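Some notes on the structure that comes next.
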Amino acid sequence: MQTLGGTWWERRRDRELAALVDELAVWGHEGLEDPGAAELAELIGRSAREVALSRLGEVVPAAAAHLELAAVAAGTADAFRGAFLPQVVRNLSRARRHLQDARGVAAPARR
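In this text, residue positions in the sequence shown follow the numbering used here: the first is 56, and each later residue adds one.
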């Protein structure tokens, strides 16, 4: 299933990585260019630690928990190293959903 610009799974993986970059901008990580899953996992983990130590961690502990789960999912995606793209995409998608959940629970506390 090879097409111009990579396989369907490669394009889906790239879209998930781009979506994670967009979600990370909410947490102060802007201007990322072409990061891999390992780099994203590290940034998400750093955000989780920062939130846990901040006022948000006291008010909305679920935000830090969702960020930590997102970091684990991105790290799991990296562990596959592209060997099994459906699993990589699944874990990147899971990381994106956890980032969205963290943003959702933290939004009222950030105001």
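The beta-carbon is built from N, C-alpha and C at its ideal position, and this holds for glycine as well.
Just so we're clear, the structure is a prediction, and the values are computed from it rather than from any experiment.
In the DSSP assignment, find the alpha helix (DSSP H) that holds residue i and state where it starts and stops.
i	result
R130	The sequence shown places Gly at residue 130, not Arg. 116-134 is the extent of the alpha helix (DSSP H) around G130.
E105	92-108
D69	63-80
Among the options, which has the Cα closest to the Cα of residue i?
i	options	result
R117	E65, P163, R68	Here the sequence assigns Ala to residue 117, which means Arg is not the residue at that position. Out of E65, P163, R68, P163 has the C-alpha closest to the C-alpha of A117.
H153	S109, A134, S102	S102
E71	G83, D89, E113, V115	D89
Is it buried or exposed for residue i, if we count other Cβ within 10 angstroms and need 16 for buried?
i	result
T58	For T58, the predicted structure reports a pLDDT of 48, less than 50, and the residue's modelled location is therefore unreliable. The matter cannot be settled from this model.
L95	buried
A92	buried
E85	exposed
L108	exposed
G112	buried
A138	exposed
W63	exposed
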